[in-house]
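Each residue of the sequence shown is one higher than the last, beginning at 4 in the working numbering. Heads up, the beta-carbon is just placed ideally off N, CA and C, and yes, glycines get one too.
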Amino acid sequence: MASGAALVLAGCADNSDSGGSGTETATVEVEKVDAIAAELPEKVKSSGKLVVGVNVPYAPNEFKDGSGKLVGFDVDLMNAIGKVLGVTPEYAESDFDKIIPAIQAGTYDVGMSSFTDSKEREQTVDFTTYFSAGIQWAQQTGKPIDPNNACGKKVAVQSTTVEDTDEIPAKSEKCVAEGKPPIDKQKFDRQDDAASALALGKVDAMSADSPVTAYAIKQSNGKLEPAGELFDSAPYGWPVAKGSPMAGVLQKALQHLIDDGSYLKIAENWGVEAGVIEKSVINGAVN
């Protein structure tokens with residue numbers, strides 16, 4: 004996962020096609036690879052589109068710019084994947100916790116929403132890994148919080164993320180086992196609402212994936228700062244239907260972008276190069 008200390012987000016690089024939004028990045032030229040495109044499922048190949056379930060905002064990975072256009076590292080990378088495969092990604096907005104069920108139902112071909120590839124999620128879908136990120140806490144500037152000793156504190160998380168379902172519950176249970184008050188987990192449907200709650204002092208801390216926390220801190224105008232070190236590194240992955248050939252197709256397409264340097268350029272455009280991977284795998288969960 005990305006190193007919090009080295010992560011400097013630069014999602015506001017100017018581009019001639021940005022329309023003044025200030026959030027688009029320099030174009031990375033990508034060409035179709037016929038040998039990989041030929042392996043697409045017939046449904047995707049014949050339609051010419053890849054239906055992608057996405058939850059926003061989760062900047063800098065997927066969010067909307069000032070004009071309402073969907074942008075971000077994940078978006079640029081998936082658009083590049085589409086070019087390799089000769090199809091057009093069609094983004095369908097959804098609640099985060101509804102994306103995987105929609106993939107299982109065949110509504111979406113793939114999910115793209117900073118999903119952590121976990122053993123539990125691998126029971127229902129397959130993942131193609133594309134990035135490495137950790138968990139990073141944030142606090143109000145000058146108001147220190149220890150992520151390993153936050154018993155009784157209010158901690159903001161986005162609903163159904165790993166921080167919500169795994170990390171905070173485990174830490175809270177440890178507090179109770181030690182005779183201390185549990186962590187008061189505050190759940191938000193939107194990640195930006197969690198960051199706003201912290202900036203306004205409604206909670207004591209926020210826990211999110213490292214690139215997301217770093218971006219929130221950068222956007223806070225000095226109101227927020229990191230709390231503790233980055234921990235629990237794990238891969239991001241694109242979920243697809245269990246047993247679907249899409250997992251292998253995405254893996255080959257991404258590996259092509261890794262090998263030709265396009266992947267790194269896209270990551271650098273968004274300042275998230277500290278989390279790039281050298282090899283994409285199918286179902287690479289570490290826990």
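Each residue's CA atom was taken as its position, placing P60 and G75 some 10 Å apart. If you ignore the 5 residues before and after K282, its C-beta comes within less than 8 Å of the C-beta of Q258 and I261, all in its own chain and listed in chain order.
Contact between Q139 and A211 is confirmed by a C-beta separation of about 7 Å, below the 8 Å threshold. Under DSSP, the beta-bridge partners assigned to L73 are K67. Counting every other CB atom within 10 Å of its CB across the protein chains shown gives P214 a total of 16 or more, marking it as buried.
Cβ neighbours of V165 within its own chain (closer than 6 Å, five residues either side excluded): T119. When the Cα atoms are used, V289 and D235 turn out to be separated by approximately 10 Å. For S265, the enclosing alpha helix (DSSP H) covers residues S265 to N272.
In the DSSP assignment, D169 falls outside any beta strand (DSSP E), carrying neither H nor E.
DSSP places V279 in the coil class of the three-state scheme, outside both helix and strand. Among the bridge pairs identified by DSSP, Y218 is matched with none. A153 and A208 do touch by the CB rule: their CB atoms are close to 6 Å apart, below 8 Å. DSSP, reduced to helix, strand and coil, places L253 within a helical segment of the structure shown.
K35 sits exposed, since fewer than 16 C-beta atoms from the chains shown fall within 10 Å of its C-beta. E181 sits in coil when the DSSP states are folded into three classes, being neither helix nor strand. Here the alpha carbon of Q143 sits roughly 44 Å from the alpha carbon of S247.
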